[in-house]
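For the record, the sequence lines run as chains A and B.
All residue numbers for the first sequence refer to the working numbering, where the first residue is 12 and numbers rise by one.
All residue numbers for the second sequence refer to the working numbering, where the first residue is 62 and numbers rise by one.
Ideal placement from N, C-alpha and C gives every residue a C-beta, glycine not left out.
Below is one structure, written out as structure tokens; the observations come after it.
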Amino acid sequence: MIDSIRSQNLLTLNDVSREAIVEVLDTAESFVEVNRRTIKKVPALKGRVVASLFFEESTRTRLSFETAAKRLSADVLSLAVASSSVKKGESLRDTIATIDALGIDAVVLRHQSSGAALQVSRYVPHVRVINAGDGLHQHPTQGLLDAFTVRQVLSERAGTSGLESGAQLFDGLRVLIVGDIRHSRVARSDIAAYSALGCDVHVAAPGTLLPADIENWPVRVVEDFDQALEWADVVALLRLQRERGSGSFVPSLAEFTRTFGLTLERARRLRPTTIIMHPGPMNRGVEIDSRVADLPSAVIERQVANGVPIRMAVLYLTVAGSSEGVP
Amino acid sequence: MSSGELRQTPPGGLAFFAKSQLLTGEEVERALKRMAHEIVERNHGLPRLSVIGLQTGGVAFATRIAELLHDIVGDDVSLSLLDVSFYRDDLNRNPVPKSTATTIDHDLTDQTVIVVDDVLFTGRTIRAALNALSDWGRPRSVQLAVMVDRGHRELPIRPDYVGKNLPTSLDEAILATLEGVWIGTKGES
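In structure tokens, the structure reads:
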């Protein structure tokens, strides 16, 4: 169990403690304030080099990691895989060795293979590795920013600050994660974060889109999405990952929408306080109705906005500071 | 607090073991009153004045000084807090400090800024604070008020208002609160 991510790699949320998660959320609060300033930049990582390696396409994760690094005054080496030697068949190991030879302090890695981030952390043990999504495995910063967004919304409603709420409001919070659990690294990181924080997590999905080992996960499976609507404090939808062939796991997209999509009719049956989340990019009309995505209780844009302070917090805690004396 | 009893300073930092008390709460209050009067005198009735307390030790003193300035002049004095963690020059050398709130919500251009901290030591915290403040504009002037100046400066920085000058040795530690000032040592509890 990791009790603080300070000077550690961030590869998965599975072994990260409640205290460590709260430390990231609290640190991110400081960076929300930095992002409100006219000059949105602090010198915490001045002279440090962060390499951003995205072997898979991404808009929000890549942009928010690079924005985060720049706002901490780090230099960013950004590898555009499409125009790099990877296209000539260079191996991951050789690509990392090349970038490491340029002198880097951290790698932010997105890769289509599960376990790629762990592999890279073994190639370059002196460099901090931050997993920005590896195959079907984990997407830790998404799990952290989702928890951060929930805490932010609930503390605002309670008229207090996220810092003051700590982790209490997660106790017994009822989170329902819906859709393509099987192919979703977001679901895996979300579940790890929410359960470490003390939430009650349920998942709803067609049997074909549940992972084979679901009984070992700290969740309860709900057969019928409709019956869980009124139960949920948070409904977290997932993208149906058609590029991973999820389309062939359901009879038809229309059938999936009818049974597990958040349609307008279902959204009306949620309690008005229920928070609707989606990690993006959305398939409007498939897992979420376009009108539902624009409801005030849908916090999808806020999730994107919180990506920057959370990633600033993760970069700051993992990269700044000497590892000596860290408990 | 009696001799030998321990208190945490700063929160989450090393334990502080008190050797002896140097100022009582009353003496601290009297020093703060004098400093407030000096601030008013030097700044001709305080137009455009911002008091900024450094997290975490300077917060209580900044709050009290802002109250005293308000009592003397009758006008509200703007009070903000500043955490300088992200601006420290020892970030690469020490474990990452826990960050706390920064609450400066206005442009400091053309303001007179009074930076308040508990203890002035090497001057590195103040260097970090000066860097941070420049991100909120260009103050007309920045002045420094500290409860205790314990010497051992490593940078060309001097305070404008001092509660008490206390020559110390490097292995001693100072704890300054509104309830009093103590000298002692820091170490693992």
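Which value, in whole angstroms, describes the spacing of the CA atoms of K81/A and S89/A?
-> In this structure, the straight-line span from the alpha carbon of K81/A to that of S89/A is close to 12 angstroms.
Going by Cα to Cα distance, which pick from H194/A, R269/A, R185/A and E68/A is closest to D235/A?
-> R269/A
Among residues of its own chain, excluding the 5 on either side of R104/A, which ones have a beta-carbon nearer than 7 angstroms to its beta-carbon?
-> Y134
Answer with yes or no whether the minimum CB distance from V161/A to chain B is below 8 angstroms.
-> no
In terms of alpha-carbon separation, which member of D86/A, K99/A, Q149/A and R168/A lies closest to L120/A?
-> Q149/A
V157/B CB to nearest chain A CB: under 8 angstroms?
-> yes
Alpha carbon to alpha carbon, how far is F181/A from Y205/A?
-> 8 angstroms
Below 8 angstroms between beta carbons is the criterion; list the residues of the stretch 218-240 of chain B that meet it against any residue of chain A, in chain order.
-> none
Would you say A239/A and G209/A are within 8 angstroms of each other, going by their C-beta atoms?
-> no
With T183/B as the anchor, note down where its alpha helix (DSSP H) starts and where it stops.
-> T183/B -> no alpha helix (DSSP H), and no H or E assigned at all.
With DSSP as the reference, please indicate the residues paired to M96/B in a beta bridge.
-> Per the DSSP secondary-structure output, M96/B pairs with nothing in a beta bridge.
Any Cβ of chain B within less than 8 angstroms of the Cβ of V53/A?
-> Yes, its Cβ sits closer than 8 angstroms to a Cβ of chain B.
Distance between T284/A and D37/A (C-alpha atoms, nearest Å) | 24 angstroms
Closest to D26/A by CA distance: which of A207/A, A316/A, R47/A and V197/A is it?
-> Nearest C-alpha to D26/A: A207/A.
Could you check what DSSP says for A293/A in three-state terms: helix, strand or coil?
-> It should be noted that the sequence gives Met, not Ala, for residue 293/A. Three-state result, M293/A: coil.
In chain order, what residues of the same chain lie with their CB nearer than 7 angstroms to the CB of L194/B, ignoring the 5 residues before and after it?
-> L169, V174, P200 and V203
Any chain A beta carbon closer than 8 angstroms to D196/B = Chain A, which has a Cβ nearer than 8 angstroms to the Cβ of D196/B, makes this yes.
Identify the contact partners of G114/A in chain B, using a Cβ-Cβ distance below 8 angstroms as the criterion.
-> Per Cβ cutoff of 8 angstroms: no residues; G114/A is ~15 angstroms from chain B at best.
If you count every other CB in all the chains shown that lies within 10 Å of the CB of E241/A, and 16 or more means buried, which is it?
-> exposed
Could you confirm whether any beta carbon from chain A is found closer than 8 angstroms to the beta carbon of A162/B?
-> yes
Could you tell me whether the Cβ of P72/B comes closer than 8 angstroms to any Cβ of chain A?
-> Note that P72/B has pLDDT 48, beneath the 50 cutoff, so the model's placement of it is unreliable and no number is given.
The beta strand (DSSP E) spanning R269/A covers which residue range?
-> Taken as a continuous stretch (DSSP letters only), R269/A belongs to no beta strand (DSSP E), being part of the alpha helix (DSSP H) at L264 to F271.
Assigned exposure category for P320/A - 16 Cβ within 10 Å defines buried = buried
Given V120/B as reference, the closest of D144/B, A97/B, H213/B and H131/B once Cα atoms are compared = D144/B
Chain A contact for D144/B (CB, 8 angstroms cutoff) = yes
Contact list for the stretch 98-127 of chain A against chain B, Cβ threshold 9 angstroms = none
Looking at chain A, which residues of the stretch 74-96 of chain B have a Cβ within less than 9 angstroms of any of its Cβ atoms?
-> Within the stretch 74-96 of chain B, contact with chain A at the beta-carbon level (separation under 9 angstroms) is assigned to no residue.
So, L142/B versus F122/B, is the Cβ gap smaller than 8 angstroms?
-> no
To which residues of the same chain is H213/A closer than 8 angstroms at the C-beta, ignoring the five residues directly before and after it?
-> R185, V186, L187, I188, V230, R231, V232, V233, A239, W242 and A243
List the whole-angstrom C-beta distance separating T85/B from G241/B, where the pair is believed to meet the contact cut-off of C-beta under 8 angstroms.
-> 5 angstroms
Spatial distance of T117/B from T161/B (CA atoms) = Each residue's Cα considered, the two are about 8 angstroms apart.
Per the contact definition of three or more C-beta pairs closer than 8 angstroms, is the stretch 303-311 of chain A in contact with the stretch 56-73 of chain A?
-> no
Note the first and the last residue of the continuous beta strand (DSSP E) segment covering F78/B.
-> Secondary structure note for F78/B: its beta strand (DSSP E) is the uninterrupted segment A76 to T85.
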